[in-house]
Amino acid sequence: MATQDSTTGRSILALSLVGAFGVNSMYGLAWRNGYISSLLRLRDHGPYTLPGSNVPILTCFTGIGILDKALTLAGVMFANVTDGSAPASSMYGFQFAGQLVPMFTIMLVEAVRRGNKGNVMSWAVLWGCASQGLGYGFTMPIYAIVHLLCSPTAVNRSPVMAQDVRLRSTKSVDTIIPSLVLGYVVPSVLMAIPISSPMLHQWLGGFWQGYPVWVTLIQYGIGFIRSRRSEKDDESKPSAPVESSRVGEEMVLHRAYLFAFAFSATTNILTYGILASVKLFPSLFSDHIRTALTFRNVFIPPPFWSREPMPNMAAGIQNFFQYDQYVGSTAAIVWATTLWIKARKQAMTLNNWLWLAGEIFGISIVAGPGAAWMSLIWNRDELILGDDELFLNVEGQSGDLIDTGGEAERDIDEEDLIRL
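First residue of the sequence shown? That's 1 in UniProt numbering, and the numbers climb one at a time after it.
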């Protein structure tokens with residue numbers, strides 16, 4: 001369990017407040033504006049068609065009753081986001097989808113840190129499923145609080161903490177990019193493209209809901225194939241010193257973080273580009289698109305205390321997802337900032353705080369909030385793994401601290417991989 005200090009205590013208090021706000025702004029608003037009652041009435045009493053259409057609701061996905069009920073609700077919730085009938089909801093969904101890549105990337109990385117082996121942070125797939133099923137804004141404050149309380153990586157910088165931050169396996173992190181592409185990006189594209197069969201379109205939407213599971217299974221499969229292919233090569237390689245293995249860890253982390261950052265930035269900038277095109281070249285777009293695709297319509301939700309009925313179900317689910325992203329990202333930024341501060345050698349000054357706030361705000365606006373908080377984790381890792389002083393007492397030693405190409409690189413057993 002992580003040692004609690006004043007920084008951790010203040011962060012947990014802030015995260016608790018953010019989480020409480022998230023419940024009110026997401027589920028509270030959805031209840032007050034009538035979305036939840038409309039959703040349940042549509043499912044239980046009909047008409048059994050998707051909102052704003054005559055398309056029958058698909059109710060059988062797996063044959064497992066409770067799972068099919070959840071997927072049916074999800075299908076209704078995502079229908080207007082993916083079918084193009086509500087351009088503002090679709091545009092916002094595209095931008096939000098890009099922010100989930102940094103989120104799950106960090107969860108996958110945290111799962112394979114040495115200090116998190118065997119604890120609750122190693123179950124990335126469960127945290128991902130919770131985020132998908134309950135909401136990013138609901139899950140992220142809990143994830144952050146649990147991490148600060150339970151993870152040995154959430155303490156102040158020290159040689160022990162530096163060892164806990166290191167990876168149990170670089171190979172697991174090296175598989176994150178292809179796993180995310182195949183398990184998340186491809187299903188996202190399939191869910192969004194126009195398909196003539198409404199039933200197939202709903203089934204693809206239901207399949208996408210399980211992306212944390214697909215990413216994890218693909219990651220395990222790729223890792224298993226690569227380990228079998230390189231097993232003989234590993235036997236002939238001498239063990240690398242700790243310093244060299246740290247460089248390898250920094251390299252694979254750099255690739256994973258860069259991919260997630262670029263993905264977040266690309267979706268965010270493309271969203272701005274489309275909104276700007278509608279504003280600057282209105283003659284190229286229909287009246288419906290010009291009215292719908294404005295910055296306000298896409299990004300600004302109603303006040304969280306509003307009791308005004310939603311105009312339609314597309315607007316209702318968009319408002320839910322707006323607060324979902326903003327609350328989840330706020331919690332993630334608080335958590336990542338806490339870890340970054342704990343990794344610093346010097347105490348924070350007012351000037352440091354102002355620069356940090358400006359950096360977070362700037363990256364959030366340009367590249368997206370997912371890129372902003374992930375960059376803090378990225379910088380934290382560089383501060384720790386790149387500091388030779390933290391590893392002076394273990395440099396040159398052998399044993400379980402040597403991992404690249406050696407035994408600790410193969411230390412992840414099937415139980416560890418399943419927990420990813």
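No residue lacks a Cβ here, since even glycine has one placed at the ideal position from N, Cα and C.
Can you say whether Ala88 is buried or exposed, counting buried as having 16 or more other CB atoms within 10 angstroms of its CB?
-> buried
Fully enclosed by the stretch 32-100, which alpha helix (DSSP H) runs are 4 residues long or longer?
-> 35-44, 65-82
CA-CA distance, Gly370 and Asn119?
-> 25 Å
Return helix, strand or coil for Leu275, following the three-state DSSP convention.
-> helix
Looking at the unbroken alpha helix (DSSP H) that takes in Asp381, where does it start and where does it end?
-> 369-385
So is Lys171 buried or exposed if we call it buried at 16+ other beta carbons inside 10 Å?
-> buried
To which residues of the same chain is Thr271 closer than 7 Å at the C-beta, ignoring the five residues directly before and after it?
-> Met91, Phe94, Gln95
Beta-carbon separation (whole angstroms), Trp335 vs Ala144, contact threshold 8 Å | 3 Å
Should Thr291 go down as buried or exposed, given a rule of 16 or more other Cβ atoms within 10 Å for buried?
-> exposed
How about Leu108: is its C-beta nearer than 8 Å to some C-beta of chain C?
-> No chain C appears in the structure shown, which is made up of a single protein chain.
Rounded straight-line distance, which links the Cα of Arg168 to that of Trp31 | 44 Å
From Gln202 to Phe61, what distance separates their C-alpha atoms?
-> 9 Å
Identify the residues that DSSP records as bridge partners of Leu149: which are they?
-> Answer by DSSP bridge pairing: none, since Leu149 is not bridged.
Under the criterion of a Cβ to heavy atom distance below 7 Å, does Phe285 qualify as lining the ligand FAD?
-> The ligand FAD is absent from the structure shown, which contains no ligand whatsoever.
Spatial distance of Phe320 from Leu40 (CA atoms) = 16 Å
Reducing DSSP to helix, strand and coil, say where Arg113 ends up.
-> strand
What residues match up with Leu167 in a beta bridge as DSSP calls it?
-> Arg113
Roughly how many angstroms lie between the CA atoms of Trp123 and Phe285, to the nearest whole one?
-> 46 Å
C-alpha gap between Gly28 and Glu382, whole angstroms = 40 Å
Count the CB pairs spanning the stretch 173-189 and the stretch 211-218 that are closer than 8 Å, and state whether there are at least three.
-> yes
DSSP state of Ala347, grouped into three classes?
-> coil
Proximity below 8 Å, CB of Gly64 to CB of Val76 | Residue identity differs from the one stated: residue 64 is Ile in this sequence, not Gly. Not in contact: Ile64 and Val76 (Cβ atoms no closer than 8 Å).
Please classify Ser158: does DSSP put it in a helix, a strand, or coil?
-> coil
Starting from the Cα of Ser37, find the closest Cα among Thr7, Thr59, Leu73 and give me that residue.
-> Leu73
Given 8 Å, three or more beta-carbon pairs between the stretch 383-390 and the stretch 156-167 | yes
Gln132 vs Ser179 beta-carbon contact at 8 Å = no
Unbroken alpha helix (DSSP H) run spanning Gly22, endpoints = 6-23
How big is the Cα-Cα spacing for Pro102 and Ala256?
-> 9 Å
Tell me which same chain residues have a C-beta within less than 8 Å of the C-beta of Ser306, skipping the five on either side of it?
-> Leu29, Arg32, Asn33
Inter-residue spacing [alpha-carbon to alpha-carbon] between Thr139 and His147 = 12 Å
If Ala314 and Gly52 are in contact, beta carbons under 8 Å, what's the gap, nearest whole angstrom?
-> 7 Å
In three-state terms, what does DSSP make of Gly210?
-> coil
Can you round the beta-carbon distance between Gly328 and Gly137 to whole angstroms, since I take them to be within the 8 Å contact cut?
-> 4 Å
Residue environment, Arg228, which counts as buried when at least 16 other CB atoms sit within 10 Å | exposed
Is it buried or exposed for Ser197, if we count other Cβ within 10 angstroms and need 16 for buried?
-> exposed
Quick one, which of Gly46, Asp174, Arg43 has its alpha-carbon nearest Leu108's?
-> Asp174
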